[in-house]
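Student:
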Amino acid sequence: MEKFEFEFLNELQIAAEKLIHSRGFLVMVTLLLKWVASFAAILLLILDETKWKSANMWTSLIAPYLFFSLPLVVFQFLRREFGKWIALLTVLLRLFLPNHFPESLEIPGATLFLIATAPTFLVETFRDEADDLRDPLNVCFLTSCYLLSKHTKACGGYKNSFIQKDKVTYTICLYLLFIYPLWSAFTYAFLTF
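When you read off a place in the sequence shown, starting at 1, and then add 39, the result is the number in the working numbering.
(1) Are the Cβ atoms of Trp222 and Thr129 separated by less than 8 Å?
(2) Could you tell me which uninterrupted alpha helix (DSSP H) segments, each at least 4 residues in length, are contained entirely in the stretch 128-166, listed from first to last along the chain?
(3) Short check: CB of Leu151 to CB of Leu117, under 8 Å?
(4) Which of helix, strand or coil does DSSP assign to Lys206?
(5) Could you pull the start and end residues of the alpha helix (DSSP H) that Trp74 belongs to?
(6) Tell me which same chain residues have a C-beta within less than 6 Å of the C-beta of Ala126, skipping the five on either side of it?
(7) By a C-beta neighbour count over all protein chains shown, 10 Å radius and 16 as the cutoff for buried, is Asp87 buried or exposed?
(8) Do you know whose CA, among Arg133, Ile85, Leu213, Met67, lies nearest Tyr185's CA?
(9) Is it right to say Leu176 is buried, meaning 16 or more other beta carbons lie within 10 angstroms of its own, or is it exposed?
(10) In this structure, how does DSSP classify Arg119 when only helix, strand and coil are distinguished?
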């Protein structure tokens, strides 16, 4: 039984090595950071409605960040029928049952609505354009810088943002949001020149 488990791990390692050699190490790290940053942004949307809410956090800025940085597989899934149905249900609940629609779902609903209903021309021009990554990276970089600076000021400095136990999760997620566009710009410049 143990031999089978180790064979599976060896096959997984060989597949990962082939993938890295075919795509390149920098591209794979960029894709991994894109996934991590997207999960961090979603976590920030969730944390905003808990007791760990940040005082001066503009979580509405996470919507364009997710629009530009969400991995292609997830983005395309949300642009198809599933995302459209969820966006429709969100709008219907907001319109016809406003008393039963929690405020905590407004920004995630608006984000999903943005992703599901954005015109294809806009998506192809500003998000999926493979030749020029500067526009999405600029939006992600400026958004993450602004959110990080607001959070740091609200905490009373860098040291306090890591010391206060109710702010550490926000700080780590915001740094993850900051690292992805910084790394992507570095790899874009490195691979271009």
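Using N, Cα and C, we set each Cβ at its ideal position, and we do this for glycine too.
Tutor: Taking the geometry as given:
(1) By one-based count along the sequence shown, residue 222 stands at place 183. By one-based count along the sequence shown, residue 129 stands at place 90. Contact flag unset, no.
(2) As far as the stretch 128-166 is concerned, its whole alpha helix (DSSP H) runs of at least 4 residues are 145-156, 159-165.
(3) The residue labelled residue 151 in the question sits at position 112 within the sequence shown. The residue labelled residue 117 in the question sits at position 78 within the sequence shown. Their beta carbons are under 8 Å apart, which means Leu151 touches Leu117 by this criterion.
(4) Within the sequence shown, the letter at position 167 stands for residue 206. The three-state secondary structure of Lys206, taken from DSSP, is coil.
(5) Walking along the sequence shown from the start, residue 74 turns up at place 35. Unbroken alpha helix (DSSP H) run through Trp74: 64-86.
(6) By one-based count along the sequence shown, residue 126 stands at place 87. Only Leu151, Phe152, Ala155 meet the Cβ criterion.
(7) On the sequence shown, position 48 is the one that residue 87 refers to. Burial is judged here by how many other beta carbons sit within 10 angstroms of a residue's own beta carbon; Asp87 has at least 16 and is buried.
(8) Numbered from 1 along the sequence shown, position 146 holds the residue referred to as residue 185. The shortest C-alpha separation from Tyr185 is found at Leu213.
(9) Within the sequence shown, the letter at position 137 stands for residue 176. Per the 10 Å Cβ criterion, buried.
(10) As a first step, residue 119 is located in the sequence shown; it is residue number 80 there, counting from the start. Three-state result, Arg119: coil.
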